[in-house]
Structure formats: structure tokens, C-alpha cells
Ligand code: FAD
Ligand code: DHB
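Numbering (my numbering), first residue to last: 24 to 425.
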């Protein structure tokens with residue numbers, strides 16, 4: 024049995040766990056990260072692409088933004104497409120110069136793993152049977168098996184950064200958390216294709232056959248999504264059928280359409296809104312998808328994970344440096360306010376752009392009127408733009424030691 028000691032035991036090496044580990048490191052606070060998957064699996068997992076202005080600023084301020092600066096694609100605007108026409112929303116003009124940056128989540132994770140390894144602080148991949156106990160005491164213990172050896176981490180705090188399907192949230196006793204949930208009657212089929220992006224900016228499309236989204240990863244890789252039934256199997260979609268559906272939904276009357284190329288990755292993701300609160304039980308703090316899920320239409324999940332751990336790092340810094348626990352006590356309330364605003368925005372983007380199986384002709388005409396208003400009113404476009412580039416951070420970077 025290997026017994027280890029640290030200040031903060033972090034469960035999960037996704038964006039939340041890795042960002043928290045680095046923020047703590049920058050403040051001289053020790054942590055051990057325990058991840059159930061392999062390093063290759065974590066890096067290869069294709070997910071988010073859109074970073075809010077505040078997330079970009081955070082990564083730069085943390086000194087982990089070199090790859091982002093070199094390969095990230097700054098977008099000052101986006102398109103909303105319906106009835107065969109693309110409508111431009113100039114986000115930078117509407118928000119006083121703010122933008123989003125397209126940089127794959129797997130690139131963010133790869134950069135953060137490299138930074139973690141450079142700090143020489145521990146990060147265990149392939150951890151088995153991860154569990155913890157005594158989070159209602161001042162010395163919780165995380166247990167796991169690694170390389171055939173059973174290990175125990177004695178720590179001051181546990182950070183539950185293990186995503187929606189992790190063990191941290193379900194380990195909290197019944198009755199402690201309130202949960203709020205909506206499951207959508209559709210999912211997204213997503214592909215990566217070897218094709219130069221045919222637009223410099225994202226195109227969100229509401230088509231009669233359903234939602235579609237044009238995005239990218241690099242000057243040679245296009246990323247596309249389309250709405251499908253929630254339990255759709257990817258095996259039922261040949262590459263030819265995927266291209267036919269994507270092109271049918273996205274081609275506009277001026278002839279714009281995505282470039283076609285070899286499909287190098289494909290999958291189907293379900294869509295859900297979920298909040299668990301409070302994001303704390305004793306010395307266990309939940310962050311990121313472990314506490315909340317948004318449908319991807321608003322591109323908020325990774326960004327929310329980043330803002331949670333900024334608030335948590337500030338609170339832990341104050342605890343270790345000044346013996347203050349009031350910011351730990353406020354952690355959940357501060358995060359949950361932002362979470363609900365992101366929930367509201369993500370639900371609104373989803374409802375405005377997708378077709379619902381139970382909608383009638385009235386609902387559809389109202390939806391088109393919504394889109395018509397959105398793309399013709401500067402006030403409506405400003406509201407979309409300020410939420411899409413990201414609301415101001417809840418706490419200052421300085422208060423988290425940056
Ligand atoms: P995760 O990334 O899920 O990381 C949790 C980690 O914990 C994983 O590595 C997992 O292996 C590990 N783990 C799980 N169980 C255990 C255990 N028992 N022990 C140890 N480790 C464990 N967000 C955006 O901001 N912008 C976007 O454009 C965007 N687009 C998206 C598109 C798609 C198709 C999808 C699916 C998601 C998208 N998201 C987007 C959401 C974003 O990917 C997530 O919100 C983000 O991954 C959350 O990070 P996290 O660290 O909280 O959780
Ligand atoms: C991407 C993902 C999203 O969820 C989104 O809203 C926009 C872009 C992407 O993967 O590029």
C-alpha cells in the first residue's frame with residue numbers, strides 16, 4: 024500500500040482538473056491528480072472547440088497559452104443561417120472588441136498535461152477503482168489502484184473534476200444536492216474532415232431538416248455537426264449519407280457550402296441540461312461537468328469549467344495564505360449564478376436553432392420570426408454576442424494569484 028500526502032487531491036484530468044492543478048501550482052499549493060483513463064485517450068477525445076474571451080485571457084495569464092497563441096483561430100463574428108441565407112453577427116463590434124477563439128479542447132488538454140509534467144507534481148493516468156472517504160472531516164482520503172499497487176492520498180480537500188459520469192457527485196449522500204435536469208429529444212452527429220474550412224467563421228444553421236453547425240479546427244480541418252434523433256447509432260451513417268445531410272442543411276442560396284473531404288472522426292453526442300447544487304459537500308468541491316452539463320449549442324461547457332476552477336483556486340489560496348474559509352463557503356453560490364446564466368443561454372440557443380419533434384406549424388413560424396428578429400435587431404445581436412464571447416469573470420485573476 025502506497026500512502027501519499029498532498030494539499031488538494033484532484034479527481035479527473037480533463038480541463039477542470041488540469042486547470043485547477045496549474046492554478047494551485049502557481050500559488051505554491053500542492054496537488055495530486057488522479058485520472059482513470061490513459062494519457063492518449065484523454066488527449067485524443069474530440070470535444071469542444073470554442074473558447075470564450077475570458078478563457079483565452081485566463082490561459083494566457085496562467086502562462087499555458089503558447090500553443091493557443093500560435094494555433095488558435097480568433098473569430099470576431101459568426102453567422103446565423105436560416106431560410107437559405109447567412110446573417111452575419113459582428114461580435115467584436117457589438118462587444119467593444121471581444122472575440123472567441125477556436126482551439127480544440129484536446130489541444131488545451133495536451134498543453135495542460137505538458138505544463139503539469141513540467142511542474143513535476145504528480146499526475147496518475149490509468150488509475151483504477153478511484154474512491155474517497157471522510158470528506159466531512161478535515162482530512163479526506165482518496166483511494167485508487169495504480170500499476171497493481173493500492174494507493175491512498177491523504178489531503179485537505181478533494182476537487183471533484185471527474186465529469187458528468189464520474190464518481191464524485193454520485194458519492195454525495197442522498198438529500199444533500201438539489202438537481203435540475205432537461206434531456207433534449209435530439210443529439211448531435213459530429214465529424215472531423217480533412218477539408219479546408221470554406222468560411223472563416225462559424226455558421227449555426229436552422230434548417231427544415233434540423234440544426235446544423237459549421238466549425239473548424241485548423242486551416243485544413245473542418246468540424247461539422249447536425250441534429251439527429253437522440254439514440255441514433257453512428258454505424259447507421261455511411262460517410263456519403265453524412266455528407267449528403269450536412270450539405271442539404273448547410274448550403275445557402277448564394278452557393279456557400281462546406282468543402283467535402285475524408286472523414287477522420289465521427290460520433291453522436293446526447294444533449295442535456297443539468298445542474299447539481301450546492302457544488303460542495305464538506306471538503307469535496309465539484310467543478311466543471313461533474314456539477315453541471317449544458318447542451319453544446321452555446322459552446323459553454325469547457326468555459327464554465329474554467330470559471331469554476333478560477334473561483335475555487337481563489338478560495339483555496341485565501342485558505343492557505345490567510346486562513347480564510349469564507350471564500351470556500353461562497354464557492355458554490357458564486358459559481359451557480361454563472362452556471363444558471365450559461366444554462367439559460369445554452370437552452371435558448373438550442374431552442375432557437377433546433378427542430379423539436381412535437382412542434383406544430385405555429386411553433387415553427389414563431390421560431391423563424393425569432394431568428395428574423397435576432398438577425399435584424401442590433402439589441403438582440405448584442406445580447407447574443409455578449410453571452411457568446413462570455414460574461415465578465417466572477418472574480419478577478421489577481422485574486423486567484425495571477
Ligand atoms: P471532462 O472533460 O469530462 O473531464 C473529466 C475527466 O475525469 C475525464 O478525463 C475522465 O476520464 C475523468 N474521470 C471520470 N471518472 C473518473 C474517475 N472515477 N476517476 C478518475 N478520473 C475520472 N464546451 C465549450 O466550452 N465550448 C464548446 O465549443 C464545446 N463544444 C462541445 C462539443 C461537444 C460535441 C461536446 C460533447 C462537448 C462540448 N463542450 C463544449 C463541453 C466540454 O467538452 C465539457 O464541458 C468539458 O469537457 C468539461 O470539462 P471537465 O474537465 O469538467 O470534464
Ligand atoms: C464547436 C462546438 C460547439 O458546441 C459549438 O457551439 C461551436 C463549435 C466546435 O466543436 O468547434
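By construction, the Cβ of each residue, glycine as well, lies at the ideal position given by its N, Cα and C atoms.
Item	Value
Alpha helix (DSSP H) segment containing residue 260, residue limits	Per DSSP, residue 260 belongs to no alpha helix (DSSP H) and is neither H nor E.
Extent of the continuous beta strand (DSSP E) run through residue 372	Segment 349-376 is the alpha helix (DSSP H) holding residue 372; no beta strand (DSSP E) there.
Contact set for residue 408: own chain, Cβ-Cβ below 7 Å, skip 5 residues either direction	112, 114, 117 and 118
Selected residue, minimal CA-CA separation from residue 254, among 300, 175, 206 and 231	206
Inter-residue Cα distance where the pair is residue 361 and residue 140	31 Å
Residue 73 to residue 342 span [Cα, whole Å]	33 Å
Neighbourhood of residue 269 by C-beta distance below 7 Å, restricted to the same chain and skipping five residues each side	235, 247, 249 and 281
Counterpart residues of residue 57 in DSSP-defined beta bridges	34 and 147
N- and C-terminal bounds of the alpha helix (DSSP H) containing residue 64	62-67
Pair within 9 Å by beta-carbon distance, residue 299 and residue 192	yes
Pocket of ligand 2 defined by Cβ to heavy atom distance under 5 Å	72, 73, 238, 246, 319 and 322
CB of residue 181 within 9 Å of CB of residue 34, strictly	yes
Per-residue DSSP class, three states only, for residue 188	coil
Cβ-Cβ distance between residue 289 and residue 215 below 9 Å	yes
Ranges of the beta strand (DSSP E) found wholly within the stretch 225-313, counting only runs of at least 3	226-230, 233-241, 244-251, 285-300 and 307-309
Residue from 238, 228 and 230 whose Cα sits closest to the Cα of residue 220	238
heavy atom of ligand 1 below 8 Å from residue 98 C-beta	no
Buried/exposed call for residue 79, threshold 16 Cβ in 10 Å	buried
Proximal residues to residue 332 (C-beta, below 7 Å), its chain only, five neighbours per side dropped	39, 42, 43, 46 and 310
Inter-stretch contact (C-beta, 8 Å, three-pair minimum) for the stretch 366-381 and the stretch 193-200	no
Check whether residue 423 and residue 336 have beta carbons under 9 Å apart	yes
Top-ranked residue by Cα proximity to residue 275, from 241, 222 and 251	222
Status (buried if at least 16 other CB within 10 Å, exposed otherwise) for residue 24	exposed
Per-residue DSSP class, three states only, for residue 126	coil
Heavy atom of ligand 1 within 8 Å of residue 128 beta-carbon	yes
Rounded straight-line distance, which links the Cα of residue 50 to that of residue 347	15 Å
Residue 102: CB within 8 Å of a non-hydrogen atom of ligand 1	no
Among 62, 245 and 28, nearest to residue 54 - alpha-carbon criterion	28
C-alpha distance - residue 359 paired with residue 263, whole-angstrom precision	43 Å
Neighbourhood of residue 120 by C-beta distance below 6 Å, restricted to the same chain and skipping five residues each side	none
Anticipated Cβ contact below 8 Å, residue 176 with residue 32, distance rounded	5 Å
heavy atom of ligand 1 below 8 Å from residue 60 C-beta	yes
Which of helix, strand or coil DSSP assigns to residue 344	helix
Terminal residues of the alpha helix (DSSP H) in which residue 25 lies	Here residue 25 belongs to no alpha helix (DSSP H); instead the beta strand (DSSP E) covers 25-28.
DSSP state of residue 213 mapped onto helix, strand, coil	strand
Where residue 70 falls: helix, strand or coil (DSSP)	coil
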